[in-house]
Each structure stands twice: as structure tokens, then as C-alpha cells.
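Protein sequences appear in the order of chains Z and B. Going by the working numbering, 203 is the number at position 203 of the first sequence; the sequence numbering is gapless. Residues are numbered in the working numbering as their position in the second sequence, beginning at 1, plus a constant of 1000. Think of the CB as a built atom: it goes at the ideal place given N, C-alpha and C, for glycine as much as any other residue. The next block holds one structure in the form of C-alpha cells; read it before the comments.
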Amino acid sequence: MLGSIPSAASRFLRARISVFFLPIIGLLALLGLAGCGGSDSSAGSSTPAANGGQLSAMAQIGEKIFHDPSLSGNGQMSCATCHDAQRAFAQANPEAVAFGGPALDQAGLRNTPSLKYLSETPAFFFDGEGTPTGGFNRDGRANSLAEQAIRPFLTAFEMDNASAEEVVNKLRNASYAAEFRKLFGEQVFNDTDQAFLDARLALQAYQREDTDFYPFTSKYDYFLSGKAQLSDQELRGLALFNNPQKGNCAGCHPSGRREGGKPPLFTDFTYDNLGVPRNTTIDANNDPDYFDLGLCGPPRLDLADRSDLCGAFKVPTLRNIALTAPYFHNGKFETLQEVVRFYVRRDTNPEEWYPIGTNGLPDKFNDLPDQYKGNVNVTEVPYNRHEGDAPALSANEIDDVVAFLNTLTDGYQP
Amino acid sequence: MSCVSSERSALSRLRTSFAVLAVLSATATPSLAAAATQAELEAKVQSLAEQLAALQAELAQMKAQQSANSSSAPASAPAVTSATAVPSSGSASPLSFFGYGELNYSQPRDNTADTTADLARFVLGVGYRFDDRTRLVSEVELEHAVSSSEDPGEVEVEQAYIEHQLTNSIFAKAGLFLIPTGLLNENHEPTRYYGVFRNFVETAIIPTTWREGGLAIQGNSEIGLRWDAGVSTGFDLSKWDATATEGLESPLGSIHQELALAHGKDLSVFGALNYTGVPGLRVGASVFTGGASQGQQGFDGAHITLWEAHTRWTPGAFDLSGLYAHGHISNTQVINTALVGNPTLIPENFFGWYLQGAYRLFDHGRYNFSPFVRYERFNTAADYAALPAGLTPDTLADQKVWTTGFNLGFAPGVVLKADYQWFRDSALSDRFDLGIGYQF
């Protein structure tokens, strides 16, 4: 019961108040309350703070390692030699692949990918539907940035160190060796494996902490945060990019904000088999029996028996894509125009992309052995076409999509 | 009405018995013990206890009879009821169990391969009365029979709130509760509506069963006016999935939060008025409005308002009702511009209305039979804000649905239903539906 028993008069009065005034009082009070938490007027920002934040001691050492050519076999090649900051930390030279080794003249096997926007890449796994997802390198065989860094240090046609011990010995003599010891322990160089791991963890820390690797300062980022407008052509390009019946690019390169309003990374971290034409400018391809099969090898060993995955390569971010030519794992195409044309005309006009075989027909998917050509994605838009069909995008629409892709370059000034 | 009068009479007698018992207990002090022997007192108590038991049985019988009379058709107006039928304060135990369920069979005319049979809802509720003014109402629902990562079912808490009676006519509640809107949301049990499935307007436009977490007050005046007001969690527009079709099926149903780690930066307010002062008539309206950006980047300025008006009139054996609902989402131009090209952009306006008529053709004992017909017209994307570069999506055509069938009651709280639905300007195929529902 509520306190003392009210008199008949007070009960009557209370009843009248309840009927006529409480609804009004209640609504006013509630409207006032809601006003406190009403619509969000803060602009918000999907753009992280500009670079300049203090790096941790480990990341600072990582930055020095990243730029230190003394850690290579010939003392002339660092990570930065191939990963050019001016090109979104992608390949510096315009050829299909980078060159390294003792005389910096040995061709690599794959185009050097951008190191930007990798810090949120998950370790490799198969999702609930069996879709390969995540991982570093174009075949996902490294599970972290630190693991990924093993390969360039020790590959003969890259930095050309014979062993981890050789790398550590060079680290011991580096100008920042004292800082390295201070951070990881005075005896760190006595344990080769630990020192090599610490060096790679430092590289990983640098790539994770330095916002140069994830500035989110493209025109598209400012557009998403309401600080820039896309031109009509760029906007049409975005619509074609998103449209599942047209470009369908967003099917693998999501363009919308992620959970929690985080800006998009333009990759779903999955793999796809596009049947990219063979690039005969790559030395390794002079051997007709050599095929780069992505997930199932040859560099990656653990999925060699998954023949269904042969020919699949990681879906890369499209951020800064205008800076990272040539394109695809084998650097086959030199312009974005070519790339988008390939996507929409690969199946409608295969003669534009593949050499004509002895039978007079285009040798489709000629960078795959015959037994793996069936793995190529021919079911999803825009690949679900046949010769004689209209391409999913017209010439003007291809221009629109390319205009949109050019809005993904960091460093835009709104 | 005679049944109600009898029930009141029984209640009055029950209260009298309690009063006598209380007085007897109070006077049975040692000082008065000499006036009556222990045996006499015990005999009187026994006699009163027997009378009380008889009255309880009589009351229970009358309630059952009343329930049977209305088992196949939605409760007659005045249909302004509390969200869940929990036992009155006269129940012997403060703890109560209740529930409802519905099983459906639906066969599309054009593609019988899509025929489905479904235990659509299985709901168990627990009520607990802490004292004569404060109670708990809770419901747990299992949809589609099996819930796991590989099955279509869902387990969800549909209601969980504390209600406290402030005065004889004013109640306050806090927790997860149903929003007082429309005819169906608070009366969504299968015995309370016509047709195997809930009507489209009150699922596609009003996202029944729609609940939010918050605070609310409810009052009932002597002139037959129920009023509701509250502040609660609201919608989260950042949940909108432009790549999926859920937003086209139910714009608000795709972005409600159901108090599942709900974003709570933007609260909403709601209010409802329902007048039932004329016997057999209910007229009401409600509004729910609030921010929907929830502080999420890219959704600044988003605000959602849903309002509706409804009426229900039950003259004699007729049961006539109608409802109009309209939803509006603001600032969609800016938000949609970033989503262009996706299949499902955010509509600026959506609406729906229906008219329904039913007639209790047969009503004998536990059996009753009520055919009905309903016409609905609704549009989940009636209008989009204009976008640049000619990218404004085409609006949808109004969807029109005729539904006709019957409710057959054959036990208190149990109903068998059958209907046929004709869809016009809709991708859905005409279909035959059969269902059984219960509530206890």
C-alpha cells in the first residue's frame, strides 16, 4: 500500500489529476528526457587522426628496420625498396614484379602488394561455409605481419639472406642495435630465433601503429563523413560498383561502413579465382610447366591437395588502387581501365584477353593448367556472361567506375 | 455482460469472506478467547474456508466460461488490455505461468515446392507478484522450433518488465515491454486476431511484436480513456543492410534493437490514447518518435517517427476494425548517397492501412465460428529522398492483400484457423494457410 490511507477527498482529487494532468506531465517530462538524448548533432569522423602520433619504442625500431638496406644480402635492399610509401607501400618499379637478389636483378614471382590497411586482416581460416579467408601474402600463408616478414628477408630473389642468423648478425651491427638491445634485452642477439622474431614484431608494430599505413584520408572517406561531395560521375561509379547486377564489385570489396561505423576496407578478406591471363613478362612464366596457383601453391604448401582452390588469390583492398599499378597477382594489367574492362568483358569478349589457340579460339584462363580451369569464377556478376552477351558495364560505365576508384586515394584535401 | 456481473458478484462475496476471516483472526485474541471455545472457533474457520473454496471454484468456472466465449475471436472491445494476461492479485500463488503458441501450414498456389509447416512461435511466460502493487511480467519465445547456428529458429525474450501500481488507475513499468501501438502489438497471441498470420500492416509497417527497453506510465480514467507515455530505446539506423532485402520487408523490423546490447545514445518517446467509453467501441492512436543515429558515424541526424490510428467496433456478432500507420525516416538523402547502387536504400516514407470485418456465425458452448475478410494496402518504400546524378531509387508499388477465412474455437484458449490470401502488386504468391493457436 502507498503510505497512509487517503481521505475520500484526496482520492477524488488524485483521480482527477491522474486523468487530466498526468498524461500531459508525463509526456512533457519524457519529451524533455528524450531531448537530452535526441538526434546526434556531432559530425563524427571516420577519419583517424593524422600521422604524427608518437610511435612506441618497438614501432620506432620497426620503422628503422623497414628502411634499413643493411639487412639485405647485398646491403642495398630494404623493405622500403619494394614497398614505396609514395605508392601506398606497394611496388616501386612499374614492371609486373620487383627485382632483388645479390645484383638486384632477379625477378620475383608476384606483384608486390600494398602494405596499407593490412592491420585488421585476420589470420587465415576457413569460415563456416568453407570459404578461405584472411592471411597475409597473396596466398594467405602467413598468419600475421610478423610472420609475413620472414619471406622477404630470406628469399633469394628478395633480400637474399641465407638464414635468420645472417639477418640477426646484421642487426647486431645496425646503427640502432643499442636501442634494440635496450628494448629486447642486452643478451637478445645471443638467441637468434628470438632476435629475429623481435625484429619482425618491431616491423609489425610499426605497420600497426604508424597511421601512414591506415590514414583513411581519401576523398571517399571525407565523403562518408559528410565533408566532401563526390562528383556526379564518381557517384554513378559508386552506384555501379555497389550494384549487384552491374559491377557487383562490393560483393568482394565492401564499400559501406563496417560495424560500429568504422570506414570500409574494400576487402572481405576472401579469395577468388578470376582467370587472369598469363603474364609472359614474368621470368618464371618462361617455363610452360610453371603455374602460380595461389592458395594451392607452389609457394604455399599446406593446401596443395585442395585442387578446388587452385588459382585463387586474396581479394586485396582497393584503397589507393590508383597508385598501385600494375594489377593482379601477376601484374598483368597496367591501368584501372584495363582491369575493369577485363572484369566485364572477360567472358563476353575473351579474344580481347587471351591468346588465340591452335584451334582458332581464345585460350581462356591460359594461366591455369587445364584441370583447374573449372575453378574460375563464372557464376557471379559480372562474370556470368557468355560470348555474344552484352557486358555488365558499358564503356561509359567503366569510366564511371574508374572515376570512383580514383576517389580511394589517401591524401585528399577536402 | 451477465457473465461479467456474475463475476463481480462472486468477487464481492470473496472479498466479504476475506474480510470476515480477517476480522475473525483479529478478534481471536486471548482476551476474547473466553467468548468462544477453541473448537467453536475452529469450526467457524473451517466453515469459512469451505465457503471460500466454493467461491473460488465458482469464480474459476465463470472465468473459464468467459474465456471459452471469446476463444476463437479477438477479445471484444474494450480491447485495451494489459500486454499479457497474468493472474489477478486474487491468485493463490504469487508465481504464475502462461504462454501461447502457433503452428502454421502455408501452401503457395504457384509454387507448392515452397509449402512450409512451422511451429512459428512457442512462448512461455512467468509472472511474479511481489506484493499487491508490484509484479514481474516476462516471456521467452522460441521461433521456428529449433534454434542453432544452422537452424532458422531464434530464442528471444519478448517481455521482461516490472510493473508497479501507483494509484488505482495509474501504473508504471520499467524493463523490456511492448510498445502500446495499433491493435495487434499488445494483443499478438493467436487467439486474439483473425487469420493464420498476423496482418501485414502490423508486421511490415508496425514491427509487431515490437518491444523496447525503458520506462512507461499507463493510466485508465473513469471515462474510459487509457493513456500511455514512455521513454525507451529506439531504432538503430546503422543496422540497415542495404545489400539485403529485410529493409524492404519491414523497414523498422530490420533496425529494431530488442534490447540486445541496444545502442542507447538516442532515446525515443511514445504516447498512446485509447478511448473505450462506449461499450463495444475502441478508438485510439499512438506515436513513437526519436533519434536513430545512435551516435554511429555516417548516420547523423537520422530520426524516425511512426504514428498510427485505429478503431475497433463490435456491435452484436460483428467485429469490425481498421488501422492506418505511417512511418518517416529523416535525413535519408545524405545516408543513402553513400549507399547508392545497393538493392535496398532507406525509404523516407512508408505506410499501410487495413479494414477488417468478422461475424460470429456460430457460438454454442465451447464452440464458436467466425468467418472474416480483410483488405490491406501497404508500401514499405513509398517514397525516397531525391539523390543526385539520377540515382534516386524507384518507389515500390502499393501492395494489396485480400485475406478471407475463419477462426474456429473449440476449447477455451484454443483456435483453429484457415484462410486464403490474394496478393496484388506483390512478389508473393497467393496462398492457402492453416493454423492452430493456443493461449493459456
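Interface flag, residue i vs chain Z, CB-CB below 8 Å
i	result
B:Ala-1427	no
B:Gln-1297	yes
B:Val-1137	no
B:Gly-1327	no
B:Ser-1238	yes
B:Val-1334	yes
B:Gln-1421	no
B:Leu-1391	yes
B:Ala-1386	no
B:Ala-1117	no
B:Ala-1145	no
is_contact[residue i, chain B] using C-beta, thresh 8 Å
i	result
Z:Leu-71	no
Z:Asp-232	yes
Z:Phe-266	no
Z:Asn-243	yes
Z:Gly-261	yes
Z:Phe-125	no
Z:Asp-142	Per the sequence presented here, residue 142 of chain Z reads as Ala, with Asp not at that position. No - not a single Cβ of chain B is within 8 Å of the one on Z:Ala-142.
Z:Arg-258	no
Z:Leu-235	yes
Z:Pro-414	no
Z:Gly-130	no
Z:Ser-218	no
Z:Gly-226	yes
Element boundaries [alpha helix (DSSP H), containing residue i]
i	result
Z:Asn-396	395-405
Z:Ala-205	192-209
B:Gln-1159	Per DSSP, B:Gln-1159 belongs to no alpha helix (DSSP H); it is in the beta strand (DSSP E), 1154-1165.
Z:Gln-60	57-66
Z:Arg-181	177-184
Z:Ile-150	150-154
Z:Leu-224	219-224
B:Gly-1247	1246-1249
Z:Ala-239	232-242
Z:Phe-342	336-345
Z:Glu-165	164-172
Inter-residue CB distance, residue i and residue j (contact presumed, cutoff 8 Å)
i	j	result
Z:Phe-291	Z:Asp-367	7 Å
Z:Cys-79	Z:Thr-112	Not confirmed; about 10 Å, so no contact.
Z:Arg-236	B:Ala-1389	5 Å
Z:Ala-123	Z:Gly-134	6 Å
Z:Ser-225	Z:Leu-408	So it is not a contact: roughly 15 Å between Cβ atoms.
B:Asn-1104	B:Arg-1374	17 Å between Cβ atoms; not a contact.
Z:Leu-201	Z:Met-58	7 Å
B:Phe-993	B:Val-1401	Residue 993 of chain B falls outside the range modelled here, since chain B spans only 1001 to 1440, and no answer is possible.
B:Gly-1153	B:Leu-1136	About 26 Å separates the two Cβ atoms, so there is no contact after all.
Endpoints, beta strand (DSSP E) assigned at residue i
i	result
Z:Gln-76	Z:Gln-76 -> no beta strand (DSSP E), and no H or E assigned at all.
B:Ala-1174	1170-1178
B:Tyr-1128	1116-1129
B:Thr-1287	Going by the sequence as given, residue 1287 of chain B is Val instead of Thr. Per DSSP, B:Val-1287 belongs to the beta strand (DSSP E) from 1281-1291.
B:Thr-1337	Unbroken run through B:Thr-1337 is the alpha helix (DSSP H), 1332-1337; no beta strand (DSSP E).
B:Lys-1400	1399-1411
B:Val-1137	1134-1143
Z:Asp-389	Segment: none, Z:Asp-389 is in no beta strand (DSSP E) and carries neither H nor E.
B:Thr-1305	1303-1313
B:Gln-1439	1431-1439
Close Cβ partners of residue i (< 7 Å) along its chain, the five nearest in sequence each way excluded
i	result
B:Trp-1240	Gly-1247, Ser-1254, Ile-1255, Ile-1346
Z:Ala-98	Cys-82, Gln-91, Gly-108, Thr-112
Z:Arg-278	Asn-285, Asn-366, Asp-367
Z:Glu-234	Ala-403, Phe-404, Thr-407
Cβ-based neighbour list, residue i, same chain, cut-off 8 Å, excluding 5 preceding and 5 following
i	result
Z:Leu-391	According to the sequence displayed, residue 391 of chain Z carries Pro and not Leu. Within the same chain, Z:Pro-391 has close Cβ partners Val-344, Arg-345, Thr-348, Asn-349, Pro-382, Arg-385.
B:Ala-1397	Asn-1379, Asp-1425
Cut-off 6 Å between Cβ atoms - residues of its own chain near residue i, not counting five sequence neighbours on either side
i	result
B:Trp-1227	Gly-1219, Leu-1273
B:Asn-1331	Gly-1301, Ala-1302
Z:Asp-198	Phe-184
query: Does the stretch 295-314 of chain Z touch the stretch 81-101 of chain Z, meaning 3 or more C-beta pairs lie closer than 8 Å?
result: Note that the stretch 81-101 of chain Z does not touch the stretch 295-314 of chain Z; fewer than 3 beta-carbon pairs, one per stretch, sit closer than 8 Å.
query: Does the stretch 1166-1177 of chain B come within contact of the stretch 1187-1201 of chain B, defined as at least 3 CB pairs closer than 8 Å?
result: no
- prompt: Counting Cβ pairs, one atom from each stretch, are 3 or more of them under 8 Å apart for the stretch 238-252 of chain Z and the stretch 1327-1347 of chain B?
  reply: yes
- request: Evaluate contact between the stretch 1319-1331 of chain B and the stretch 1261-1268 of chain B, counting only Cβ atoms and requiring at least three cross-stretch pairs below 8 Å.
  value: no
message: For the stretch 1340-1361 of chain B, list every residue whose C-beta sits within 8 Å of some C-beta in chain C, in sequence order.
response: The structure shown contains no chain C; its protein chains are Z and B.
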